[in-house]
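Asker:
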Amino acid sequence: MRTKSLSFKIIIRILFFTILLGAAIFSTYYYYTRSEIERSTRENAVFLADNTIKMIEEIIKPAEMIPNNLSWMLETGAIPKDSIMPFLAKLVKNNPIIYASAIAFEPGMFAPNVAAYAPYAYRNGEKIETINLWSPDYNYFIMDWYQIPAMLKESYWTEPYYDEGGADALLSTYSVPFYLNKGGERVLGGIITIDISLEWLTEIVRSVKIFETGYAFLISRTGVYVTHPDPNNIMNQTIFTRAKELEEPELRDIGRNMIHGVSDLTSIDLKTLGYVWIYHTQMPTTKWSLGVVYPHNEMFAGLHKLNFTIILLSFIGLGLLLFFTIRIINRQISPLAKFAASARGIASGDFNTELPHIENSEEMKELHDSFAFMQKELADYIVHLKETTSAKEKIESELRIAKEIQMGMIPHIFPPFPDMPEIDLYATLLSAKEVGGDLYDFFLLDDNRMCFAIGDVSGKGIPASLFMAVTRTLLRSVADKEKSTAEIVSSINKTLSFNNESNMFVTFFLGILDIQKGELKYCNAGHNPPILIKNKKDVSYFNITKAIPVGLFESYEYTEESIRIALDDQIFLYTDGLTEAEDVNNALFGDDLLLQVISQHAAASPREIIEATTQAVANHVKGHTQSDDLTMMSISYYGTTRA
Amino acid sequence: MKISTKSIAQGTLVAIDGRIDTTNYNEFEQAVNQLFEEKVTAIYLDCSKLNYISSSGLRVFLTIQKKMMGTGGKFLLFAMQPTIKEIFDISGFSTIFNIYDTEEAALQN
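Protein chains in written order, with our numbering: chain A, 386 to 1028; chain B, 18 to 126.
So, in structure tokens, the structure goes:
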């Protein structure tokens, strides 16, 4: 998968945290507002219901006063019995709220011989008519409006009823019992009623508007709808029949609470209106119950509308934030892509690659400066590297040539004297560096005498190699058959010592072997003593007089020594690069081990001995870097008898 | 290799701890040149802790010796380990240098 760009990552993070923050703020705001709306709606519902009831009561209470006062007037005899009918007519006429009024007497209470009498005044258009309610068809004693207050001995509002043929309106009758004095006893005289039209009540309740579809309704003591937004329900349905019809058992519970006079706020999920709140409370006078219905959706409609606006604005804001963030980030990091291109340019060797121009960002300026610095340093470094590399290559090639020249100065064709069977000779020289300070040489002085030498210049490398070359050249120019070894060495020493400011010196062993006689004359100038192998088995170091290396003191006198060499004897010469070859622990190869190795190969030819010794040294140092030049030369003497 | 120098009544006492070979002989040479700049007239070289000396190191010894001979100064070596002494013997340097077995013997001369 491709790694996402930096700007993408930044934008995603900004977006994520902004949305997270926004969501947190929005949720807090939403739930706080919601609970605030719920609280105020609750208060509002209670207030609205109470206020509506208060409005109704303000009309009903004065109406109730009329029969109450009438009852008192009848009991005290303030109204003469013969003027009751006109009184009622007057009463109805003067109180527009009252549709009709009756005073129904108990048997014998109007007059001892009157079994039933109920003067009744009612409206008939503009006129007030008066009749006696009682007739054989209308036995008012069994009517609710008479029976219930008479038995309860208290005032009573009847269930609402529709007065067909008469008022043609929804009415309710308020009945009040009255008492009369009969034989000193206060006994029930009858029932006073007023019939009140409920049209105004319906109007009041209907005028209650709650949001869009919310409403108020009134039910009677038996649950009959007195008012309802749907006129079909009025007087035709009870809250219970409607609950059954709509299959809303919870509505039935609410109805039960309402007819028991409970004031409560409940919520219910109605099929018709959805989720609603209903607050209900009872009217103190009629004991009817008023309910107010708050559709939940509409309660929060304002909030939802606001939410929609907020979310819309948030998205616009996010869009703008995104747009500007992308713009700013791209503008800020766009130099990075150019830097990357520049870096590729630089990496491919173009040190003059142009860097992006930075104006507005400190960080980018710093990066630019670092880049510019790197560019300059790299360019300088490469120039320097080219110079040193070419210089080094030059030196190396010169060293290679120097090595060839140096190696050309020492003989390395073996066997060196194929037409001289008396002598076999083999030699090797391994420099620690390209050029070294070791040397060996051999040549014939005349038909009978061979001159050979081995030497080791102090130090290594170029200075030593120069000194070696001088020494070897001197040897060839100085040596002749007239001089002794000591004279040759002294002569070399004298020349080398002259103006030798650097104090370099050469340990030097020079020998001249008389092939006929087997006599070896030699001079040792501070060199390691050679090994003499006698009879192909006895090995021992030469006994040598101590003398200082050549090149130090020009007047130093060297001395010559001589020994006799027998048939099959061999002389092994070496430089200290052999005995002082070190392993990783700086342990030296040593004189004793050398003697031991030579002893093991005492019968071998010069080449075999040198190869065996080379192997032994390699085994000793075990790959440790060769620290000094290593030179070996071995001369086998077969004498004249082999010829 | 560690080089320590100490001024004493007779001159300067120099002690070498370790090896003098081709990789570090120039350090030794610089230390010696420092002494010459200070116009030291007598150098007593403690060789008791000198483990190895290459021909490059011997060359520095020779330089000191020649310089001292030229200026009439003294260069004395003492307490050499047998292997070092052997190198001096083989190369004949024992005949050039003033070598003593102990510090006391060197300081008395």
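Idealized CB from N, CA, C, for every residue including glycine.
State buried or exposed for arginine 861 (chain A), treating a residue as buried only when at least 16 other CB atoms are found within 10 Å of its CB.
Answerer: The count along the first sequence starts at 1 and reaches residue 861 (chain A) at position 476. Result: exposed.
Asker: Look at the Cβ atom of leucine 364 (chain A), then the Cβ atom of aspartate 865 (chain A), and state whether they are nearer than 9 Å.
Answerer: The question about residue 364 (chain A) has no answer, for chain A in this structure spans 386 to 1028.
Asker: Around the Cβ of valine 969 (chain A), are there at least 16 other Cβ atoms within 10 angstroms (buried) or fewer (exposed)?
Answerer: Against the first sequence, residue 969 (chain A) aligns to sequence position 584. Its Cβ having fewer than 16 others within 10 Å, valine 969 (chain A) is exposed.
Asker: What does leucine 75 (chain B) reach in chain A if we use C-beta pairs closer than 7 Å?
Answerer: By one-based count along the second sequence, residue 75 (chain B) stands at place 58. Those within 7 Å of leucine 75 (chain B) in chain A are Ser843.
Asker: What residue range does the alpha helix (DSSP H) around isoleucine 567 (chain A) cover?
Answerer: The sequence position of residue 567 (chain A) within the first sequence is 182, counting from 1. First, the residue type needs correcting, since residue 567 (chain A) is lysine and not isoleucine in the sequence shown. Element bounds for lysine 567 (chain A): not the alpha helix (DSSP H) but the beta strand (DSSP E), 554-567.
Asker: Determine the DSSP secondary structure at methionine 386 (chain A), reduced to helix, strand or coil.
Answerer: Here residue 386 (chain A) is taken as the residue at index 1 of the first sequence, counted from 1. Confidence in methionine 386 (chain A) is poor, its pLDDT being 40 and thus under 50, which makes the residue's placement unreliable; the coordinate value appears in the next sentence. It is coil, neither helix nor strand.
Asker: Tell me the DSSP secondary structure of valine 572 (chain A) in three-state form.
Answerer: By 1-based counting over the first sequence, the position of residue 572 (chain A) is 187. Strand.
Asker: Output needed in chain order: residues of the segment 104-121 of chain B with a Cβ under 9 Å from some Cβ in chain A.
Answerer: Residues passing the 9 Å Cβ filter: Ile104, Asp106, Ile107, Ser108, Gly109, Phe110, Ser111, Thr112, Ile113.
Asker: Check whether the Cβ of leucine 937 (chain A) lies closer than 9 Å to any Cβ atom in chain B.
Answerer: Reading the first sequence from its first residue, position 552 is the one you call residue 937 (chain A). Output row for leucine 937 (chain A): interface = yes.
Asker: Got a sec? Which residues, its chain only, sit under 7 Å from valine 431 (chain A) by beta carbon, not counting five neighbours each side?
Answerer: Numbered from 1 along the first sequence, position 46 holds the residue referred to as residue 431 (chain A). Counting only Cβ-Cβ distances below 7 Å, and skipping sequence neighbours, we find Tyr664.
Asker: Could you tell me the alpha carbon to alpha carbon distance between alanine 1028 (chain A) and isoleucine 900 (chain A), rounded to whole angstroms?
Answerer: Within the first sequence, residue 1028 (chain A) is the residue found at index 643, counting from 1. Within the first sequence, residue 900 (chain A) is the residue found at index 515, counting from 1. Residue placement at alanine 1028 (chain A) cannot be trusted, given a pLDDT of 40 that sits under 50; the coordinates are not used to answer.
Asker: Could you pull the DSSP bridge partners for tryptophan 662 (chain A) from this structure?
Answerer: As a working mapping, residue 662 (chain A) is identified with position 277 in the first sequence. DSSP lists A:Ser652, A:Tyr679 as partners of tryptophan 662 (chain A).
Asker: Quick one: is threonine 870 (chain A) near chain B, going by C-beta distance under 9 Å?
Answerer: Against the first sequence, residue 870 (chain A) aligns to sequence position 485. Not one chain B Cβ lies under 9 Å of threonine 870 (chain A).
Asker: Using the rule of at least 16 other Cβ atoms within 10 Å of the residue's Cβ for burial, across every protein chain shown, is methionine 386 (chain A) buried or exposed?
Answerer: The sequence position of residue 386 (chain A) within the first sequence is 1, counting from 1. Because the pLDDT of methionine 386 (chain A) is 40, which lies under 50, any placement of that residue in the model is unreliable, and the question is left without a value.
Asker: Strictly below 7 Å CB to CB, what residues from chain A border threonine 80 (chain B)?
Answerer: The sequence position of residue 80 (chain B) within the second sequence is 63, counting from 1. Residues of chain A passing the Cβ test: Asn888.
Asker: Please report the residue range of the alpha helix (DSSP H) in which methionine 450 (chain A) lies.
Answerer: The residue labelled residue 450 (chain A) in the question sits at position 65 within the first sequence. Segment 391-461, the alpha helix (DSSP H) holding methionine 450 (chain A).
Asker: Run through DSSP, which three-state label would leucine 518 (chain A) get?
Answerer: Residue numbering aside, residue 518 (chain A) sits at position 133 when the first sequence is read from its first letter. Three-state result, leucine 518 (chain A): coil.
Asker: Alpha carbon to alpha carbon, how far is asparagine 971 (chain A) from lysine 1007 (chain A)?
Answerer: Within the first sequence, residue 971 (chain A) is the residue found at index 586, counting from 1. Within the first sequence, residue 1007 (chain A) is the residue found at index 622, counting from 1. In a straight line, the C-alpha of asparagine 971 (chain A) is about 12 Å away from that of lysine 1007 (chain A).
Asker: At least one CB of chain A closer than 9 Å to the CB of lysine 19 (chain B): is that the case?
Answerer: By one-based count along the second sequence, residue 19 (chain B) stands at place 2. Chain A contact via Cβ: absent.
Asker: Residues of chain A with CB under 9 Å from threonine 39 (chain B), in chain order?
Answerer: On the second sequence, residue 39 (chain B) is found 22 positions in, with the first residue counted as 1. Near threonine 39 (chain B) (Cβ distances below 9 Å), the residues of chain A are Ala817, Gly844, Lys845, Gly846, Ser1012, Asp1013.
Asker: My output table needs one value for alanine 66 (chain B): the three-state DSSP class, helix, strand or coil.
Answerer: Reading the second sequence from its first residue, position 49 is the one you call residue 66 (chain B). Reading off the sequence, residue 66 (chain B) comes out as lysine, not alanine. Residue state, collapsed to three classes: strand.
Asker: CB-CB under 6 Å to phenylalanine 837 (chain A), same chain, minus the five flanking residues each way: which ones, in chain order?
Answerer: The count along the first sequence starts at 1 and reaches residue 837 (chain A) at position 452. Cβ neighbours of phenylalanine 837 (chain A) beyond the five flanking positions: Phe827, Gly896.
Asker: What residue from A:Tyr600, A:Ile995, A:Tyr1022, A:Asp754 has the CA that sits closest to phenylalanine 802 (chain A)'s CA?
Answerer: As a first step, residue 802 (chain A) is located in the first sequence; it is residue number 417 there, counting from the start. The option with the nearest alpha carbon to phenylalanine 802 (chain A) is A:Tyr1022.
Asker: With a 10 Å radius around its C-beta and 16 neighbouring C-beta atoms as the bar for buried, classify lysine 439 (chain A) as buried or exposed.
Answerer: Numbered from 1 along the first sequence, position 54 holds the residue referred to as residue 439 (chain A). By the 10 Å Cβ count, lysine 439 (chain A) comes out exposed.
Asker: Quick one: does glycine 911 (chain A) have its CB under 9 Å from some CB of chain B?
Answerer: On the first sequence, residue 911 (chain A) is found 526 positions in, with the first residue counted as 1. Yes - at least one Cβ of chain B is within 9 Å of the one on glycine 911 (chain A).
Asker: For alanine 489 (chain A), I'd like the list of residues in its chain whose CB is within less than 6 Å of its CB, leaving aside the five on either flank, ordered along the chain.
Answerer: The residue you call residue 489 (chain A) lines up with position 104 of the first sequence. Here the set comprises Ala503, Tyr525, Tyr531, Gly575, Ile576.
Asker: Are the C-beta atoms of tyrosine 69 (chain B) and some chain A residue less than 9 Å apart?
Answerer: In the second sequence, the residue the question calls residue 69 (chain B) occupies position 52. Yes, tyrosine 69 (chain B) counts as interfacial toward chain A.
Asker: Taking the alpha carbon of glycine 90 (chain B) as the reference point, which residue from B:Phe114, B:Ala96, B:Phe45 has its own alpha carbon closest?
Answerer: In the second sequence, counting from the first residue as 1, residue 90 (chain B) sits at position 73. Looking at the Cα atoms, B:Phe114 is the closest of the given residues.
Asker: Per DSSP, leucine 895 (chain A) is paired with what?
Answerer: Sequence index remark: in the first sequence, residue 895 (chain A) carries index 510 (1-based). According to DSSP, leucine 895 (chain A) bridges with A:Ala838, A:Cys908.
Asker: Around the C-beta of glutamate 807 (chain A), are 16 or more other C-beta atoms found within 10 angstroms, so that it is buried, or is it exposed?
Answerer: The residue labelled residue 807 (chain A) in the question sits at position 422 within the first sequence. The residue in question, glutamate 807 (chain A), is buried, as its Cβ has 16 or more Cβ neighbours within 10 Å.
Asker: Using DSSP with H/G/I as helix, E/B as strand and the rest coil, what is tryptophan 673 (chain A)?
Answerer: Mapped onto the first sequence, residue 673 (chain A) falls at position 288. Looking at tryptophan 673 (chain A) - three-state DSSP - the assignment turns out to be coil, as it is neither helix nor strand.
Asker: Counting only Cβ-Cβ distances shorter than 9 Å, please list the residues of the segment 960-974 of chain A near chain B, keeping chain order.
Answerer: So the close ones are Asp961, Glu965, Glu967, Asn971, Leu973.
Asker: With a 10 Å radius around its C-beta and 16 neighbouring C-beta atoms as the bar for buried, classify valine 499 (chain A) as buried or exposed.
Answerer: On the first sequence, position 114 is the one that residue 499 (chain A) refers to. Answer is exposed; the Cβ neighbour count stays below 16.
Asker: Would you mind working out which of A:His742, A:Glu781, A:Ile731, A:Ile743 sits nearest methionine 759 (chain A), comparing C-alpha positions?
Answerer: Indexing the first sequence from 1 puts residue 759 (chain A) at position 374. Measuring from the Cα of methionine 759 (chain A), the nearest candidate turns out to be A:Ile731.
Asker: What runs of the beta strand (DSSP E), each 3 residues or longer, lie entirely inside the segment 852-903 of chain A?
Answerer: 891-899, all fully within the segment 852-903 of chain A.
Asker: Note the first and the last residue of the continuous alpha helix (DSSP H) segment covering glutamate 751 (chain A).
Answerer: Here residue 751 (chain A) corresponds to residue number 366 of the first sequence, with the count starting at 1. From DSSP, the alpha helix (DSSP H) with glutamate 751 (chain A) extends over 747-794.
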